[in-house]
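Residue numbers (our numbering): 172 to 292.
Note that CB positions come from ideal geometry on N, CA and C, so glycine has one too.
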Ligand code: HEM
């Protein structure tokens with residue numbers, strides 16, 4: 172598989188995760204709960220599969236470019252990935268955070284892109 176293949180996997184994962192996070196956040200902003208969300212399984216599955224594809228694409232790119240997993244920016248991205256993995260639970264458990272999360276979501280992508288593009292540490 173080529174470097175571009177892994178990058179596209181990374182982006183399919185990214186799009187899936189953020190689609191699911193947007194859906195869950197909108198549901199909570201509209202006063203929805205777990206019980207009133209018949210699509211919650213599909214949202215959770217999309218988030219989970221997206222996380223997997225993002226990790227697969229990320230490690231694939233690292234292997235292609237022979238970048239060590241121990242580099243600081245890579246560790247920071249793995250931490251970011253863990254945080255993003257926990258975000259799906261936030262809007263339903265803390266509905267007051269749903270609206271701030273809605274506006275914060277793009278900035279998590281910005282941090283991931285900044286880490287990959289500038290490799291600051
Ligand atoms: C949810 C967290 C993450 C976000 C939002 C994110 C976002 C991005 C974005 C937008 C790019 C494209 C930058 C470009 O145009 O080159 C990128 C590239 C990349 N990401 Fe991620 N990423 C995340 C997690 C990860 C993880 C966990 C890994 C490693 C296991 C990783 C490894 C990489 C690599 C190796 C590149 C390409 C760097 C290069 O071309 O030199 N990312 N990421």
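| Check | Outcome |
| --- | --- |
| Specify the secondary structure class of residue 175 as computed by DSSP and reduced to three states. | helix |
| For the ligand HEM, I want to know if residue 225 counts as a neighbour, meaning its beta carbon is within less than 8 Å of at least one of the ligand's heavy atoms. | yes |
| Check whether the Cβ of residue 273 sits closer than 8 Å to any heavy atom of the ligand HEM, and report yes or no. | no |
| Can you tell me the Cα-Cα spacing of residue 289 and residue 207, whole angstroms? | 43 Å |
| When you compare the CB positions of residue 183 and residue 231, do they come within less than 9 Å of one another, or not? | no |
| Classify residue 269: buried if its beta carbon has 16 or more other beta carbons within 10 angstroms, exposed otherwise. | buried |
| I need the DSSP call for residue 235, collapsed to helix, strand or coil. | helix |
| Roughly how far, in whole angstroms, is the beta-carbon of residue 263 from the beta-carbon of residue 195, given that I think they are within contact range, below 8 Å? | 7 Å |
| Buried or exposed, going by whether 16 or more other CB atoms sit within 10 Å of the CB of residue 281? | exposed |
| Taking the alpha-carbon of residue 200 as reference, which of 265, 283, 189 has the nearest alpha-carbon? | 265 |
| Measure the C-alpha to C-alpha separation of residue 217 and residue 292 and round it to an integer number of angstroms. | 31 Å |
| Quick check on DSSP: helix, strand or coil for residue 205? | coil |
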